[in-house]
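*Asks:* This is the structure I have questions about; it appears just below.
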Amino acid sequence: MPAETEKTFRPRAEIEATIKGFSPADWARLHKVGRIFASGTDWDFEDLIQEAELRTLRGTRNCPVDVDVMKHLIDTMSSIADSERKKARNQMPHVAILQGVAEDGAEDPASPDWSAEDNAVFEGEYKELLALFDDDVKGRELVEGIVAGFSTDDLKELTGLQGTAYDSKRTLVRRRFLKFVAGRREDVRS
307 MPAETEKTFR PRAEIEATIK GFSPADWARL HKVGRIFASG TDWDFEDLIQ
357 EAELRTLRGT RNCPVDVDVM KHLIDTMSSI ADSERKKARN QMPHVAILQG
407 VAEDGAEDPA SPDWSAEDNA VFEGEYKELL ALFDDDVKGR ELVEGIVAGF
457 STDDLKELTG LQGTAYDSKR TLVRRRFLKF VAGRREDVRS
């Protein structure tokens, strides 16, 4: 039985020196690949490159000694972008109460066609949703921005969150929201 060989990884100092030694052509290649991988995600290509570098230097994505640092960074960007696309498929559902458009075709809550009772129900449920984030200012800002129909860029500007911090907060908001919706469905069934 052959002896198992342990996989060895490049030390941080070596990776850092390699990145610092990239030529303009190397950077152009990273930028080109970053643009390709960032398309279809919320990542800016420069942020995607920086995130790949950060994960590599931090050691959360180890670079084996038999893999070129450039190839490792490209593979890491690909992985990050793929994860982002998978998350996008599982994003917060557009529920009528948040978007102001009922699935049965009802009008926007600001519409004069909504009765005072409809508006009261919307406002009550909206306040319940916001109460889930009483302990989380950034989460609350994110929910308010989503309800207002802000774009991803506007949400990032509103909350001051970028990259991983934004993605993590968005995931937290989605999870709390899904629990909120699941609880409301249980209330309707009982």
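For my numbering, count along the sequence shown from 1 and bump the result up by 306.
Beta carbons are placed, not taken as given, at the ideal position from N, Cα and C, and that holds for glycine.
Which of the three DSSP states is assigned to residue 315 in this structure?
*Replies:* The answer is strand: DSSP assigns residue 315 an E or B state.
*Asks:* Around the C-beta of residue 348, are 16 or more other C-beta atoms found within 10 angstroms, so that it is buried, or is it exposed?
*Replies:* Under this definition residue 348 is a buried residue.
*Asks:* Tell me, please, whether the stretch 328-339 touches the stretch 361-370 by the rule of three or more beta-carbon pairs shorter than 8 Å.
*Replies:* Counting Cβ pairs under 8 Å, fewer than three are found: no touch.
*Asks:* Please list, in chain order, all residues of the same chain as residue 314 whose beta carbon is under 6 Å from its beta carbon, the five residues on each side excluded.
*Replies:* These residues qualify, in order along the chain: 371.
*Asks:* Between which two residues does the alpha helix (DSSP H) carrying residue 465 extend?
*Replies:* Run containing residue 465: 458-465, per the alpha helix (DSSP H) assignment.
*Asks:* Around the Cβ of residue 434, are there at least 16 other Cβ atoms within 10 angstroms (buried) or fewer (exposed)?
*Replies:* Exposed, because fewer than 16 other Cβ atoms sit within 10 Å of the Cβ of residue 434.
*Asks:* With 16 as the cutoff for other CB atoms within 10 Å, does residue 458 come out buried or exposed?
*Replies:* Answer is exposed; the Cβ neighbour count stays below 16.
*Asks:* Suppose you measure from the CA of residue 447 to the CA of residue 334; what does that come to, to the nearest Å?
*Replies:* One C-alpha to the other measures close to 37 Å.
*Asks:* What's the call for residue 359, buried or exposed, on a 16-neighbour Cβ count within 10 Å?
*Replies:* It counts as buried.
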